[in-house]
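To start, the structure itself, in C-alpha cells.
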Amino acid sequence: MAVTEQEILAGLGKIINEITGIPAPEVTPEKNFVDDLDIDSLSMVEIAVAAQDEFGVEIPDDQLKHLKTVKDVVNFIQN
Amino acid sequence: MSRDRVRVVVTGLGVTTPLGGDVASTWSALLAGQSGIHTLTEDWIDLLPVKFGARAAVDPTTVLPRPESRRLDRAEQFALIAAREAWRDAGTPKVAPDRLGVVVGSGIGGITTILAAYDVFKEKGWQRLSPFTVPMLMPNGSAGWIGIELGATAGVHATVSACATGAESIGYAMEMIRSGRADVVVAGGTEAAIHPLNIGSFAAMRAMSTRNDEPERASRPWDKDRDGFVLGEGAGIVVLESEEHARARGARVYAEASGVGYSGDAHHIAQPEPTGAGLRSAARRVLEDSGLTGQDIWHVNAHATSTPAGDVLEAVAIHEIIGDHPLVTSTKSMTGHLLGGAGGIESVFTIKALYDRIVPATVNLDNLDDGVEVDIVRGEPRKLPGGQIAAINNSFGFGGHNVAVAFASI
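Protein chains in written order, with my numbering: chain Z, 337 to 415; chain S, 1322 to 1731.
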C-alpha cells in the first residue's frame, strides 16, 4: 500500500526536526530547504539518508540536488 | 608593569569540568577539595589497566539541543558550552565582527568521532557516515563553531600543542590583541579523549596512574607515591579584550593578561628535558614579556600532572626563576588532566584565584617528594595578599612545548 502525502509529510517533519531542530509543523510542502528552512547541504545529506530508511526509497545524489522544496521530496518518494 | 603597548585584560570566564558544568560550581568544588575522579563503568574498562578517569560533571548533551549536539564532537560540545558561559560572563560584548577573534584548540581533536565513524564505515559503508564527520574530527572544529556563533571575522585559529594547547591559545590571543588584529578574542582549550584507545595508548607509555582501588586519591602531584596522571575531559575559555575596549564599554575586569612565555625543549617527544632548561626559559620569558619580576608573582597554578618525572622539575624551575614565596598548587589533583583543555581551565582557575584572592589546595599530597622547595598549598585553601599581585599558569605538552601565561590583579 502506497504511503499518502500526509504520511510522508509527517515522516519528513519528524526527520527534519530530529536533524535540524526545526519544529515539524513548519515543514510544509511549499517550503524551500535553503531559502525558507535554512538547511545546509550537509544536513540535506543526513535528511536524505534518513528518508531512505524511513520510506525505503533511495534518493541518488544527482536527484537530491534537484529537490528544492519539501513538496519535491514528497513527490519523489511517492513516485 | 607599564609598557608602551596595548594592555590586554580578562573580562569573561567559562568552563565545564569534572567538578562542575560552569565556573561557579567548579570553583566552589576546588575550594572544598573535592575530586572529580571516579571509577569508569563502561564495558570496555575490563580491557585496560586503568579503570578510572575524570568525566565531565555535566553531560554536554543534556545542555545542548539535540540537533546541535549530534553534529558536534564531544570536545566541540564542551568548547561551545564554555565559550557561551565566558561570552555571557563578559556581558556579551558589542564588538565589530572584524575586531573579534577566536583561538581555541584541542590536543587530540575529535578522536571519539574518528573511532566511532571508522566503525560505521567498516560495518555499514561510507554512505552511512555522517556528513558532519570531518568537521567533527578536525581539531580546529571548536574554533570554527565558536567563530560562526559569535560572528568573529578578525581571525579564527586553533593551536595544537598537546597539553600546552589551552595556554598556548591564550598566549596567541594576547598577541592578536597586542598586535592590533583584534579588540576581543575568545580563547582556550578543550578535550574529550576518554576512550579505551587513548587510555590504552597512554598506559602503553606507562604515563597513567593505576591506583584503581582509590581513584579519588590517584592524582597526587608532588607526592612520593604518585604513579602517573589521570585522564579528564572538559573545556576552559576566557574572553580577552584590549583594556581600552573593555573600559569603554564599562566591562567588569577580572585581571590583566600580562604576558606569555614559550619555549621548546628540543629534547624528547614525550619526556621532560632532565635539567628543566625549557621550563626555566618559559618562566624567564613570561616575566620578561609581562614586565614582571619573580617578586610580583604570588601564585602559580602548576602543570604538575602527578607523573614521576615532571612534577619535581617544575617545582625546581619555579623556585629558581620565581622564588619560594608564591603559593603553588596543582588543581589536576582534583580535575585530573584535561590535556588540551588543561591550560584553558587552569588559566580560568589562576584568574579566579587572583580575583577572589584565594588559592585552592592540592589534594592527596601526603608525603612531599624530595627536592620540592616551593610553598605548595596543602590541606586548606590559602589567601592571597591584597594589593598589586600577579600569578602564572604553567602548561607543558608532549612534543616539548612549554607555555607560561601571566595574569595580574587590576
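Beta carbons are placed, not taken as given, at the ideal position from N, Cα and C, and that holds for glycine.
Please report the straight-line C-alpha distance between residue 1271 of chain S and residue 1541 of chain S, rounded to a whole angstrom.
In this structure chain S extends from 1322 to 1731, so residue 1271 of chain S is not present and cannot be described.
Give me the Cα-Cα distance between residue 1594 of chain S and residue 1629 of chain S, rounded to the nearest whole angstrom.
Their Cα atoms are separated by approximately 13 Å.
Burial state of residue 1547 of chain S, where buried means 16 or more other Cβ atoms lie within 10 Å:
With at least 16 other beta carbons inside 10 angstroms of its own, residue 1547 of chain S counts as buried.
Measuring CB to CB, does residue 1587 of chain S end up less than 9 Å from residue 1554 of chain S?
No, they are not a contact pair.
is_contact[residue 347 of chain Z, chain S] using C-beta, thresh 9 Å
Answer no: the Cβ-Cβ gap between residue 347 of chain Z and chain S never drops below 9 Å.
If you draw a straight line from the alpha carbon of residue 390 of chain Z to that of residue 372 of chain Z, how long is it in whole angstroms?
Note on geometry: alpha-carbon atoms of residue 390 of chain Z and residue 372 of chain Z lie some 24 Å from one another.
Cβ of residue 354 of chain Z within 9 Å of any chain S Cβ:
Answer yes: the Cβ-Cβ gap between residue 354 of chain Z and chain S drops below 9 Å somewhere.
Unbroken stretches of the alpha helix (DSSP H), 4 residues or longer, contained in the segment 1523-1605 of chain S
Listed in chain order, they are 1564-1569.
Considering only residues of the same chain and omitting the five flanking positions on each side of residue 1336 of chain S, which have a CB-CB separation below 6 Å?
So the qualifying residues of the chain are 1344, 1347, 1403, 1557, 1666, 1669.
Residue 362 of chain Z versus chain S: which residues are under 8 Å apart at the beta carbon?
Those within 8 Å of residue 362 of chain Z in chain S number zero; the least Cβ separation is about 13 Å.
In terms of alpha-carbon separation, which member of Z:366, Z:386, Z:374 lies closest to residue 350 of chain Z?
Minimum Cα distance to residue 350 of chain Z is reached at Z:386.
Exposure label - residue 1573 of chain S; buried when at least 16 CB within 10 Å:
Result: exposed.
Within chain S, partners of residue 339 of chain Z - CB distance below 8 Å
In chain S, no part has a C-beta under 8 Å from the C-beta of residue 339 of chain Z; the shortest such distance is about 23 Å.
Beta carbons nearer than 8 Å to chain Z: which residues of the segment 1420-1450 of chain S have them?
Under the 8 Å Cβ criterion, the segment 1420-1450 of chain S contributes 1448, 1449.
Can you check whether the CB of residue 352 of chain Z is closer than 9 Å to the CB of residue 375 of chain Z?
The Cβ-Cβ distance between residue 375 of chain Z and residue 352 of chain Z falls below 9 Å.
If you run the structure through DSSP and keep just helix, strand and coil, what is residue 1679 of chain S?
Three-state DSSP puts residue 1679 of chain S in a strand.
Closest to residue 1416 of chain S by CA distance: which of S:1471, S:1698, S:1451 is it?
Per the C-alpha coordinates, the member of S:1471, S:1698, S:1451 positioned closest to residue 1416 of chain S is S:1471.
Would the beta-carbon of residue 1657 of chain S fall within 9 Å of that of residue 1375 of chain S?
Yes, they are a contact pair.
Expected contact under 8 Å - CB spacing of residue 1484 of chain S and residue 1638 of chain S to nearest Å
The pair is not a contact, with the Cβ atoms about 16 Å apart (cut-off 8 Å).
If we count the other Cβ atoms within 10 Å of its Cβ and call it buried at 16 or more, is residue 370 of chain Z buried or exposed?
It counts as exposed.
Residue 1545 of chain S versus residue 1687 of chain S - alpha carbon distance:
Here the alpha carbons of residue 1687 of chain S and residue 1545 of chain S stand approximately 8 Å from one another.
By the three-class DSSP mapping on this structure, what secondary structure does residue 1436 of chain S have?
The answer is helix: DSSP assigns residue 1436 of chain S an H, G or I state.
Does chain Z have any CB closer than 9 Å to the CB of residue 1381 of chain S?
No, residue 1381 of chain S does not count as interfacial toward chain Z.
Can you list, in chain order, the residues of the segment 380-413 of chain Z whose Cβ is nearer than 8 Å to any Cβ on chain S?
Taking 8 Å as the cut-off between beta carbons, the residues of the segment 380-413 of chain Z near chain S are 381, 382, 385, in sequence order.
Helix, strand or coil at residue 1427 of chain S according to DSSP, with G and I counted as helix:
DSSP places residue 1427 of chain S in strand when its eight states are reduced to three.
List the residues of chain Z that residue 1523 of chain S touches, going by C-beta distances under 7 Å, in chain order.
Going along chain Z, no residue has its Cβ under 7 Å from residue 1523 of chain S, so there is no contact; the nearest lies around 33 Å.
Nearest chain S C-beta to residue 351 of chain Z closer than 9 Å, yes or no?
Answer no: the Cβ-Cβ gap between residue 351 of chain Z and chain S never drops below 9 Å.
At a Cβ threshold of 9 Å, is residue 1323 of chain S touching chain Z?
Caution applies to residue 1323 of chain S, whose pLDDT of 49 falls short of 50 and renders its modelled position unreliable; the value that the coordinates give is listed next. So, not an interface residue.
For residue 1368 of chain S, count neighbouring Cβ atoms within 10 angstroms of its own Cβ and tell me buried if that reaches 16, exposed if not.
That one is exposed.
Counting only Cβ-Cβ distances shorter than 9 Å, please list the residues of the segment 1383-1404 of chain S near chain Z, keeping chain order.
From the segment 1383-1404 of chain S, only 1386, 1387, 1388, 1389, 1391, 1392 have a Cβ closer than 9 Å to chain Z.
Member of S:1342, S:1624, S:1703, S:1707 whose CA lies at the smallest distance from the CA of residue 1487 of chain S:
Of the candidates S:1342, S:1624, S:1703, S:1707, the one whose C-alpha sits nearest the C-alpha of residue 1487 of chain S is S:1624.
Of the residues S:1680, S:1442, S:1522, S:1477, which one's Cα is nearest the Cα of residue 1703 of chain S?
Taking the Cα of residue 1703 of chain S as reference, the smallest distance to any Cα among S:1680, S:1442, S:1522, S:1477 is reached at S:1680.
Beta-carbon proximity check, residue 1550 of chain S vs residue 1522 of chain S, cutoff 9 Å:
No. Outside cutoff.
So, at 7 Å on beta carbons, what are the nonlocal neighbours of residue 1532 of chain S in its own chain, with the 5 sequence-adjacent residues on each side left out?
1538, 1539, 1548.
Taking 9 Å as the threshold (C-beta atoms), are residue 381 of chain Z and residue 403 of chain Z in contact?
Taking 9 Å as the Cβ cut-off, residue 403 of chain Z and residue 381 of chain Z do not qualify as a contacting pair.
Skipping 5 residues on each side, what residues in its chain have a beta carbon closer than 6 Å to that of residue 1329 of chain S?
The answer, listed in chain order, is 1495, 1498, 1561, 1578.
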